Amino acid sequence: DTGVSQNPRHKITKRGQNVTFRCDPISEHNRLYWYRQTLGQGPEFLTYFQNEAQLEKSRLLSDRFSAERPKGSFSTLEIQRTEQGDSAMYLCASSSDANQPQHFGDGTRLSIL
Amino acid sequence: RKEVEQDPGPFNVPEGATVAFNCTYSNSASQSFFWYRQDCRKEPKLLMSVYSSGNEDGRFTAQLNRASQYISLLIRDSKLSDSATYLCVGLNAGGTSYGKLTFGQGTILTVHP
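These protein sequence lines are chains C and R, in that order.
If you're matching positions, the first sequence starts at 15 in the working numbering and goes up one per residue.
If you're matching positions, the second sequence starts at 11 in the working numbering and goes up one per residue.
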């Protein structure tokens, strides 16, 4: 399968814990995006990378959130000191260029107890 | 006001019906538009791009009216398998947000026998 891969698929954790998600984009895609989706809403943009450079971060991305793409391939999204409001589906997408459609991974569903 | 607005529905139609979804956008920086389909608890998948000249893919027709900032999706001869959430999506055309997707809330379609 050469699509976008995310893991874990599900994460359940207690409030206050740190969590880290991983995204492996389609191999030839240099753009990688993170989105968050809550029930009944469309995905909301969080941040994106072109190669290893993080080019934009949404206001939704508080200082508890950090994303990296150290070698321009896979990316990680870390949430520190999780809160109930962080419960959501975290989606990763990649594209070959800025104006090309983005392809999404299966997402990581985060539940905060 | 949200940048991309959709009627959330739900739309309940019988098999074989024709159904139309509408979407409006407010961000003139959005240059390209797409319709994505999202099944329950799954990732969004690209359905089709939307062009000013209108484009058709089998039973699906999409149209963009830049003057009215209005996007539509028409589904003819609905199938049970068309049941999903349809997301109207704008792609930012320039600046640091180039490539960022802005999603509407999604329109829920249920096709029944």
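C-beta: ideal position from N, C-alpha, C; glycine also.
Please read these numbers as outputs of a predicted model, since none were measured by experiment.
| Item | Value |
| --- | --- |
| Inter-residue Cα distance where the pair is Val60/R and Gly105/R | 22 Å |
| Partners in chain R for Phe59/C, counting only beta-carbon separations shorter than 8 Å | Lys110, Leu111, Thr112 |
| Status (buried if at least 16 other CB within 10 Å, exposed otherwise) for Ser91/R | exposed |
| Integer Cβ distance of Cys106/C from Gly119/C, believed to fall under 8 Å | 5 Å |
| Closer than 9 Å to chain C by CB, Val14/R | yes |
| Within 9 Å, strictly: CB atoms of Arg50/C and Arg78/C | no |
| Contact list for Leu105/C against chain R, beta-carbon separation under 7 Å | Glu53 |
| Assigned secondary structure, Leu90/R (DSSP; H/G/I helix, E/B strand, else coil) | helix |
| Top-ranked residue by Cα proximity to Glu70/C, from Leu57/R, Ser82/R, Arg86/R, Lys110/R | Lys110/R |
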